[in-house]
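Asks: My structure is below; once you've seen it, I'll send some questions.
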């Protein structure tokens with residue numbers, strides 16, 4: 014049997030390329046990238062929550078200080094009001110004493126047959142009443158000046174109380190809004206939900222930005 018030196022007509026098959034390793038490498042790289050992003054986003058959300066909680070703590074301290082100032086202002090207001098009533102009570106007491114003297118003097122002078130002793134007593138009572146009236150005039154002048162100053166102080170304290178009440182309400186509202194923000198951020202963080210701010214241009218195209226009126 015003779016052999017031929019001519020090459021065989023059957024073509025040589027090239028080995029197939031194996032892409033399995035490349036695909037696995039790409040999937041691993043993508044998975045690592047996703048994990049890295051989720052970890053970064055989670056840390057970012059935690060930082061945001063910590064900042065919000067720090068702000069809430071600051072607002073809470075401010076509210077506590079406002080409440081303390083408000084309580085102190087109310088205490089001063091009660092003190093001023095009570096002292097004003099006390100001054101009016103002093104005048105009432107002096108008027109009552111003078112009224113008693115007037116009654117005694119009239120009782121003696123209305124007698125048609127008053128004795129010398131009774132008239133002497135009436136004279137003494139009249140002198141006493143004159144002294145009390147003079148003292149009352151001085152007291153009225155002094156109390157009037159003090160009352161004017163007290164009314165001024167009272168008006169000032171009422172204005173401070175009104176302002177403190179307004180500041181306290183504003184601070185409470187701000188604290189509640191911050192607490193809502195932290196609750197939302199905590200919920201989103203728990204579900205690994207990332208918020209992407211979107212601004213819509215006049216052309217209708219959307220653009221990712223750091224702040225926007227709506228989020229996706």
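Numbering (our numbering), first residue to last: 14 to 229. From the three backbone atoms N, C-alpha and C, an ideal C-beta is built for every residue, glycine too. As the structure is a prediction and not an experimental result, all values here were calculated from the model.
1. By the 10 Å Cβ neighbour count, where 16 or more other Cβ atoms means buried, how is residue 110 classified, buried or exposed?
2. Suppose you measure from the CA of residue 126 to the CA of residue 149; what does that come to, to the nearest Å?
3. Count the other CB atoms within 10 Å of the CB of residue 59; is the residue buried (16 or more) or exposed (fewer)?
4. To the nearest angstrom, report how far apart residue 43 and residue 54 are at their CA atoms.
5. From residue 186 to residue 180, what does the alpha carbon distance come to, in whole angstroms?
6. Quick one: Cα of residue 190 to Cα of residue 173, how far?
7. Just verifying my parser: in three-state terms, what is the DSSP assignment at residue 107?
8. Which of the three DSSP states is assigned to residue 124 in this structure?
9. Exposed or buried, what is residue 177 when buried is set at 16 or more other beta-carbons lying within 10 Å of its beta-carbon?
10. Taking a contact to mean a Cβ-Cβ separation below 8 Å, would you say residue 145 touches residue 107 in this structure?
11. Can you give the beta carbon distance from residue 121 to residue 132, rounded, assuming they're within the 8 Å contact cut?
12. Whole angstroms are fine: how far does the CA of residue 66 sit from the CA of residue 57?
Replies: A quick look at the data gives this:
1. exposed
2. 33 Å
3. By the Cβ-count criterion, residue 59 is exposed, with fewer than 16 other Cβ atoms from all chains shown falling within 10 Å of its own Cβ.
4. Spanning the two alpha carbons is a distance of roughly 16 Å.
5. 10 Å
6. 26 Å
7. helix
8. coil
9. buried
10. yes
11. 7 Å
12. 14 Å
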